[in-house]
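Novice: If you scroll down you'll find the structure; I have some questions about it.
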Amino acid sequence: MRGNAITDPLGALRRPPAGPAVVTIGTFDGVHAGHRALLARARDEARLRAARLVAVTFSPRPDAVVRPRAALPDICDLDERLRRLRDAGADEVVVVPFTPATMAVAAAAFVDALVDGLGAIAICVGSEFALGRGRRGTIPALRALGIEVVAVPVLTLPGRTEKVSSRLIRGAIARGVPAHLAMAETVAGAACR
């Protein structure tokens with residue numbers, strides 16, 4: 001049934017686990033200061049539990065699938081993102097292909113795949129995180145599924161209320177700010193032109 005084969009949208013997560021893991025999940029485009037703060041906390045949580053730190057990311061970016069006409073280009077390509085995630089402390093990085101089928105996966109199925117396939121004993125995510133069909137996998141919903149969730153506060157720009165985000169950096173790049181300056185602008189909170 002070559003033409004009609006159904007692929008598992010979470011196939012990248014389904015394999016024998018290599019031991020217990022703290023899992024962090026996100027697009028991680030650019031691996032900016034907010035991501036690095038999340039990864040540092042996840043690394044600490046993994047050490048406390050004598051576990052590996054596994055970063056789960058998506059390609060393409062979910063917003064590029066959900067709203068393709070509005071999506072701006074990536075801050076960095078996938079290979080660079082994977083390198084930056086490893087440099088920031090991830091022992092392993094797993095890329096989940098993001099497709100309409102991935103969007104349809106319920107949060108409970110996603111958590112099951114993390115536990116069964118990656119050995120997840122805890123998830124460490126940003127405080128505004130949600131996953132699964134309709135983003136119903138909020139932090140309280142994930143906890144109700146029985147997985148420990150460490151929620152890390154979102155980093156804000158120094159002296160401002162704006163959140164450090166890949167969207168903010170992509171917007172700066174779209175306005176003509178070179179990528180390295182857009183990253184610096186987002187972290188420093190001041191225009192670097």
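In this text, residue positions in the sequence shown follow our numbering: the first is 1, and each later residue adds one. Each residue gets a CB set at the ideal place from its N, CA and C atoms; glycine is no exception.
#1: Okay, do the region 36-46 and the region 6-17 touch, 3+ Cβ pairs below 8 Å being the bar?
#2: Quick one: is isoleucine 173 buried, meaning 16 or more other Cβ sit within 10 Å of its Cβ, or exposed?
#3: Do you know whose CA, among Arg52, Ala50, Asp79, Arg47, lies nearest proline 60's CA?
#4: Using a Cβ-Cβ cut-off of 6 Å (strictly less than) and excluding sequence neighbours within five positions of serine 127, which residues of its own chain qualify?
#5: In whole angstroms, give me the CA-to-CA distance for cysteine 124 and alanine 70.
#6: Identify whether glycine 11 lies in helix, strand or coil by the three-state DSSP scheme.
#7: Tell me whether arginine 2 sits in a helix, a strand or coil according to DSSP, three-state version.
#8: Out of curiosity, what's the CA-to-CA distance linking arginine 175 and valine 65?
#9: Using a Cβ-based criterion (distance less than 8 Å to any ligand heavy atom), does proline 68 qualify as near the ligand NAD?
#10: Once you ignore the five residues that flank alanine 42 on each side, which residues in its own chain have a CB closer than 7 Å to its CB?
#11: Under 8 Å Cβ to Cβ from arginine 136, same chain only, skipping five residues before and after it: list those, please.
#12: Between glycine 171 and aspartate 112, what straight-line distance do the alpha-carbon atoms span, to the nearest angstrom?
Specialist: Taking the coordinates as given:
#1: no
#2: buried
#3: Asp79
#4: Ala151, Pro153, Val154
#5: 29 Å
#6: helix
#7: Below a pLDDT of 50, predicted positions are generally treated as unreliable, and arginine 2, at 40, falls in that range; the measurement from the model is reported next regardless. In this structure, arginine 2 counts as helix in the three-state DSSP scheme.
#8: 22 Å
#9: No copy of the ligand NAD occurs in the structure displayed, which carries no ligand at all.
#10: Val22, Thr24, Leu53, Cys124
#11: Ala106, Ala107, Ala130
#12: 35 Å
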